[in-house]
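The opening position of the sequence shown corresponds to residue 2 in my numbering, with each subsequent residue numbered one higher.
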Amino acid sequence: MMRAMLVLLSILSIVGGEQGVRYLAFVPTQYLDGVRPLIDWHHRQGLETRVIVKSTFTASEIKDSIQQEYNNHTPPKLRWVLLVGDVDRMPTYTGWGVSCSDIWFVDFDLNYRAECSIGRLSCDSNTDLANQVEKILKYEQDPEPGDWLGKAVLISDRATSSMDCKRGIYNYPYPFYRYTMDTLFGGYPGVGNSDVTRAIDEGRNLVNYIGRGSQTSWPLWNLSGENWTTTEISNLNNGDRTPIVFNIAASCGRISHEDCLGEVWLEKYPGGAVASLAASDVSYTTPNLAFDRALFWALGDSTSHGTPYQLPLWDLGHIILFADYYMVMVAGPQGQINYKMYLLLGDPALEVWRGRPEPCQGDHPDLIPTGPQNFIVTLTDTGGQPLRGALVCVWKGSEVYEYDWTDATGKVTFSINPTSPGTLYVTGSPHNYIPYQGYALVTTGVEEQLGAVSYFSLRSHLVTDQITCDYSFTPKEEVRISIYDGLGRKVWERWFHLHGKGRVTIDLFPLKPGIYFINWGRGFEKFLIVSDS
């Protein structure tokens, strides 16, 4: 069912609403179709998107465009920037004393305090991009079940400072959330590449390495002198259990080098990683130690550590910005140099799971008329408890685009004015819950039938070539059953003479896969036709 929904989402148009752009993407013309499912998803969530599409870009025009969008609102709305393409299609900045700097684009004053977060999908082809986007959407919308999302593996090279850093991360008393952590210290006998492979293949949400680095490896990281290289990544068998990788090491993110280690983490498909953080140049050790600790504080702590950030943080981009801020604050000039070179390969708006997420439930009208009205959405957990502070968005083409956050009762009210029949998409994104994806059918009005309908219900809402409905009518009724598509158009209708209890089967041929609504005069039910292949 999820795959069928993604197919539907991929055809939605990208539009700009009136509330202010929050997610800005720079996309070479050839990659627009490949990245569209990710852009549509974030727009549907309520991260209002804008996409700038060109055949070529320069570094200065990228930065100018970001700053202009950021300054369009007071206070600023823009929070995430996505660059799509390898450096031959989407430039990085090379004039700040390091070989590759993406953070330069979002640090307007060059004061080592970025105004918004940034990430890059460094791809060499449309297939590569499609694979990366698919991994991101799988992680964000429907992660592989299991306890792997609550696990982290802490890896260090054989240096004493690296191992001490991992001990500090492991022993810290995280008040908000603590991952189940295992440690692989390169300074201990018998620890090697096979242990790293085993941990990742079993499933780890976070893979965190600190130590020596190169453009294509963690070199000589253990007592046996092994290198963890792009070959080891290519041989992983972790399937949909794709982690976020923190490479706190030199040069692993030099994207100007053909297929650096950071890029191969994302290029590996299936498997590999969903995101990779790495430095483009030789980095200083002391700032690295501070940076590494701060990443885990952002995930599991609840204090600010002298920064303006309120922990915990949820999206990967701002988790990195907090760690940047702390590193520069405590490590001075060396921290500033490291700040310039660390870059994120992945989606900056990706929310990092803390353990296995539960689904959430959404409640709202399934059928609404055109015209001005209030539309109320309620989000609860599976036990019926309200979910407060959850982002909710309603979207119908260019007619309706509103987002807001739920109150203490789990409710949010939107004032909307749909002007034509069609589908209103309703999306709820509470932190650490599987997102709610719902729909409401907008119609110009459906004639109500007279008579008493005692009971009429679909036996299944996921069907292929026919639907079966159970009914109970007293007395005998002449019932008109109609089917509408997702745009509110009537695609099938028939009258039935029904009496007592029974079952009626309706053949759906030649209706195509998609979302439909069945009406029997007193209500609507939604169902999804899927391909039997």
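A virtual CB, placed ideally from N, CA and C, is assigned to each residue, including glycine.
Residue 106 to residue 292 span [Cα, whole Å]: 20 Å
Option nearest residue 140 by Cα separation, candidates 469, 489, 435: 435
Spatially closest choice to residue 33 from 136, 52, 187, 423, by CA coordinates: 52
Residue 189 classed as buried or exposed, judged by whether at least 16 other C-beta atoms fall within 10 angstroms: exposed
Inter-residue Cα distance where the pair is residue 252 and residue 218: 9 Å
Test: residue 517 CB closer than 8 Å to a CB of chain C: Absent here is chain C; the protein component of the structure consists of one chain.
6 Å CB neighbourhood of residue 319 in its chain, flanking five on each side removed: 118
DSSP-derived helix/strand/coil call for residue 556: Because the chain spans 2 through 534 in this model, residue 556 falls outside it and cannot be assessed.
Three-way DSSP call (helix, strand, coil) for residue 176 in this model: coil
Residue 186: first and last residue of the uninterrupted alpha helix (DSSP H) it sits in: Looking at the DSSP string, residue 186 is not in any alpha helix (DSSP H); the run it does join, the beta strand (DSSP E), is 181 to 186.
Reference residue 273, options 100, 204, 86, closest by Cα: 204
Contact set for residue 389: own chain, Cβ-Cβ below 7 Å, skip 5 residues either direction: 407, 408, 409, 411
CB of residue 246 within 8 Å of CB of residue 208, strictly: yes
Range covered by the alpha helix (DSSP H) that runs through residue 294: 286 to 301
Three-state secondary structure (DSSP) of residue 511: coil
Residue 519, buried or exposed, once every other Cβ within 10 Å from all chains shown has been counted against 16: buried
Distance CB(residue 381)-CB(residue 361) smaller than 8 Å: yes
Beta-carbon proximity check, residue 100 vs residue 257, cutoff 8 Å: yes
Residues bridged to residue 376 [DSSP beta-bridge criterion]: 415
N- and C-terminal bounds of the alpha helix (DSSP H) containing residue 65: 60 to 71
Inter-residue spacing [alpha-carbon to alpha-carbon] between residue 285 and residue 94: 20 Å
Among 213, 242, 244, 240, nearest to residue 230 - alpha-carbon criterion: 213
Local conformation of residue 467 per DSSP, three classes: strand
Where residue 305 falls: helix, strand or coil (DSSP): coil
Beta-carbon contacts of residue 415 that lie in its chain and below 6 Å, excluding the five residues immediately before and after: 376, 395, 403
Validate contact between the segment 182 to 201 and the segment 146 to 160 using beta carbons, cut 8 Å, 3 pairs: yes
Coarse secondary structure for residue 269, derived from DSSP in three states: coil
Check whether residue 178 and residue 301 have beta carbons under 8 Å apart: yes
Unbroken alpha helix (DSSP H) run spanning residue 109, endpoints: Segment: none, residue 109 is in no alpha helix (DSSP H) and carries neither H nor E.
Secondary structure of residue 438, DSSP reduced to three states: strand
Cβ pair residue 324, residue 299 closer than 8 Å: yes
Sheet register partners of residue 234 (DSSP bridge): In DSSP, residue 234 forms no bridge with anything.
Own chain residues within Cβ distance below 8 Å of residue 1, not counting five before or after: In the structure as shown, the chain begins at 2 and stops at 534. Residue 1 is therefore absent and cannot be evaluated.
Beta-carbon spacing of residue 278, residue 237 below 8 Å: no
Coil, strand or helix - residue 472 by DSSP: strand
Option in 431, 109, 304, 70 with minimal Cα separation from residue 176: 304
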